[in-house]
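Engineer: Got a structure for you, questions after.
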Amino acid sequence: MKRIMHKIYVLFCALALIAACSACGSQEPSSTNSQLNTLPVIGPDITMASKEPSSEPNQTEAETSKQTEQAGSSEAPVTEPVQTTEAPTEPATTQEPETTKATEPTKEQTQELVPNVTNFVTEGTNGYVIVIDPGHQEKGNSEKEPVGPGASETKAKVSSGTASRFNGYPEYKVNMEVALKLRTELLKRGYTVIMTRTGHAVNISNIERATIANNVNADAFVRIHCNGSENASVHGIGIYYQTPQNPYNAALHDEAKALNGCMLRHMLALTGARDDGLVESDAYSGINWCKVPAGLVEMGYMTNQEEDAKLQDGAYQNLLAQGMADGIDEFLSTRTPREHN
Ligand SMILES: [Zn+2]
């Protein structure tokens, strides 16, 4: 496990370096298709240092290409809800997990541009490693990256996500709040937990997020998001993963389906939310680049007033987190830990 932790440490040092470069304004030329063709294949340990994302904010949605095919079931709404950054009834930026550990980020720490490395990884004892990706970040990055290994099609590196249509509270904050609750829940159960981010002012592309999970050979990679729709009546929980024909990682389809089926069933049971289904799609770069079982959990719709209020409610967030943890437990109960080398 020490080797793993060292590897993770190196990885996050690289990440911190990137964030630092962004902060001081160093920028690479904006990506073009021709440049993308020369983008190095993302591999273990070299990933983050090979690219320097721009610090330019951009509201372009990263993963909206399938919006028209899957009406109301993607990670951002077809029509943008209010994008105000500060909500009138803004809860705490991050809610402290119930069991506070020495490595838990404080509210101040989560606001830092370069979070403390020790915030990212919390080691458990049961042999399994779960990587949690709180979707999006404060400012999007519209530079492009391939939708999958070797792909010519590109998408924005990461978007700032959606927001409540009713009070403007941003998705990236809800995602973080639930992610921290999930971390707490998983730590209680003995898992080693790795966060792709613990702050909002970061610049981490979807490929980079997947690579964090790949590099540690995670037993599960859980991406946490909120949904949106033009239709305000649409609500429910859905989970996205690759099709059996995915050109990049079809071999992971069955395991992803098993993981996500477990998570969805337990989340629905605990929350009473509507079943928005298991959705198979190859439009998500953060899924296509995965080498481990992954799911993008759309916890509810910020365009539905009742569900949006729940998504911002701490007690409901706990149910979402517990449901995910119960699903992970069930999925892994019949699987031995992967080699975390
Ligand atoms: Zn999202």
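The opening position of the sequence shown corresponds to residue 129 in the numbering used here, with each subsequent residue numbered one higher. From the three backbone atoms N, C-alpha and C, an ideal C-beta is built for every residue, glycine too.
1) Below 7 angstroms, is the gap between the Cβ of threonine 431 and the nearest heavy atom of ligand 1?
2) Go through its chain and collect everything with a Cβ distance to isoleucine 340's Cβ below 7 angstroms, but skip five positions before and after it.
3) With a threshold of 8 angstroms, are at least 3 pairs of Cβ atoms found where one atom belongs to the region 438-447 and the other to the region 412-425?
4) What does the alpha-carbon distance come out to for the pair proline 262 and proline 298?
5) Can you tell which of Ile367, Asn377, Gly400 and Ser409 has the C-alpha that lies nearest to the C-alpha of leucine 392?
6) Taking the alpha-carbon positions, what's the cysteine 390 to glutamate 458 distance?
7) Report the CB separation of glutamine 370 from alanine 384 in whole angstroms; it is logged as a contact under 8 angstroms.
8) Between the C-alpha atoms of methionine 304 and leucine 310, what's the straight-line distance to the nearest angstrom?
9) For histidine 468, collect the residues of the same chain with a Cβ closer than 7 angstroms to its Cβ; drop the 5 residues on either side in sequence, then sort them by chain order.
10) Give the C-beta separation of cysteine 418 and leucine 380 to the nearest angstrom, bearing in mind that I take them to be a contact with Cβ-Cβ under 8 angstroms.
11) Please work out which residues of its chain come closer than 8 angstroms, Cβ to Cβ, to histidine 353, disregarding the five sequence neighbours upstream and downstream, and give them in chain order.
12) In whole angstroms, what separates the C-alpha of isoleucine 332 from that of serine 461?
13) Relative to ligand 1, is the shortest distance from any of its heavy atoms to the C-beta of threonine 290 smaller than 7 angstroms?
14) Would you list the residues sitting across from glycine 405 in a DSSP beta bridge?
15) For ligand 1, is there a heavy atom less than 7 angstroms away from the beta-carbon of cysteine 354?
16) Taking buried to mean at least 16 other C-beta atoms within 10 Å of its own C-beta, is glycine 356 buried or exposed?
17) For lysine 309, which of helix, strand or coil comes out of DSSP?
18) What would DSSP say about asparagine 254, mapped onto helix, strand or coil?
19) Alpha carbons only, please: which of Glu434, Asn269 and Thr253 is nearest the one belonging to lysine 92?
20) Rounded to the nearest angstrom, how far is the Cβ of glycine 252 from that of threonine 320, given a contact under 8 angstroms?
21) CB valine 249 to CB leucine 448, shorter than 8 angstroms?
22) When burial is assigned at 16 or more other CB atoms within 10 Å of the CB, is aspartate 403 buried or exposed?
23) Considering only the beta carbon of each residue, do alanine 329 and glutamate 266 sit closer than 8 angstroms?
24) Assign aspartate 410 to one of three DSSP states: helix, strand, or coil.
25) Given this structure, state the Cα-to-Cα distance separating alanine 220 from asparagine 432, to the nearest angstrom.
26) Which two residues bound the contiguous alpha helix (DSSP H) that contains cysteine 354?
27) Buried or exposed: which applies to threonine 464, given that a residue is buried once 16 or more other Cβ atoms fall within 10 Å of its Cβ?
28) Give a single yes or no on whether glutamate 467 has its beta carbon closer than 7 angstroms to a heavy atom of ligand 1.
29) When DSSP labels each residue in this structure, what does alanine 453 get in the three-state scheme?
30) Is glycine 296 close to ligand 1? I mean its beta-carbon at under 7 angstroms from any heavy atom of the ligand.
31) Could you check whether the Cβ of histidine 264 sits closer than 7 angstroms to any heavy atom belonging to ligand 1?
32) On the CB-based measure, 16 or more other CB atoms within 10 Å of its CB, does leucine 308 come out buried or exposed?
Structural biologist: Here's the rundown:
1) No - ligand 1 has no heavy atom lying nearer than 7 angstroms to the Cβ of threonine 431.
2) Same-chain partners within the cutoff: Leu139, Val259, Ile322 and Thr324.
3) No, the region 438-447 does not touch the region 412-425.
4) Whole-angstrom Cα-Cα distance: 12 angstroms.
5) Checking every option, the nearest Cα to that of leucine 392 belongs to Ile367.
6) For cysteine 390 and glutamate 458, the distance between alpha carbons rounds to 7 angstroms.
7) Glutamine 370 to alanine 384, Cβ: 6 angstroms. Contact.
8) So the alpha carbons of these two residues sit roughly 10 angstroms apart.
9) The beta carbon of histidine 468 sits closer than 7 angstroms to the beta carbons of Ile132, Val257, Val344 and Asn345 from its chain, once the five residues preceding and following it are set aside; these are given in chain order.
10) The pair is a contact, with the Cβ atoms about 7 angstroms apart (cut-off 8 angstroms).
11) Taken in chain order, the residues that qualify are Glu203, Gly263, His264, Gly289, Glu299, Asn303, Leu424, Val425, Glu426 and Met427.
12) Distance between the alpha carbons of isoleucine 332 and serine 461: 31 angstroms.
13) Within 7 angstroms of the C-beta of threonine 290 there is at least one heavy atom belonging to ligand 1.
14) For glycine 405, the pairing in a beta bridge is given by DSSP as Gly366.
15) Within 7 angstroms of the C-beta of cysteine 354 there is at least one heavy atom belonging to ligand 1.
16) By the neighbour-count criterion, in which 16 or more other beta carbons inside 10 Å mark a residue as buried, glycine 356 falls on the buried side.
17) Helix.
18) If DSSP states are grouped into helix, strand and coil, asparagine 254 belongs with coil.
19) The structure shown does not extend to residue 92, since the chain is modelled only from 129 through 469, so no value can be given for it.
20) Sure, about 4 angstroms apart at Cβ, within 8 angstroms.
21) Taking 8 angstroms as the cut-off, the Cβ atoms of valine 249 and leucine 448 do not count as close.
22) Aspartate 403 sits exposed, since fewer than 16 C-beta atoms from the chains shown fall within 10 Å of its C-beta.
23) A contact, by the Cβ cut-off of 8 angstroms.
24) Looking at aspartate 410 - three-state DSSP - the assignment turns out to be coil, as it is neither helix nor strand.
25) Residue placement at alanine 220 cannot be trusted, given a pLDDT of 37 that sits under 50; the coordinates are not used to answer.
26) Here cysteine 354 belongs to no alpha helix (DSSP H); instead the beta strand (DSSP E) covers 348-355.
27) Exposure of threonine 464 is indicated by the presence of fewer than 16 other C-beta atoms within 10 angstroms of its C-beta.
28) Answer for glutamate 467: no, Cβ out of range of ligand 1.
29) Of the three classes helix, strand and coil, the one that applies to alanine 453 here is helix, per DSSP.
30) Result no, Cβ not under 7 angstroms from ligand 1.
31) For histidine 264, the shortest C-beta to heavy atom distance toward ligand 1 is below 7 angstroms.
32) It is buried - the Cβ of leucine 308 has at least 16 other Cβ atoms within 10 Å.
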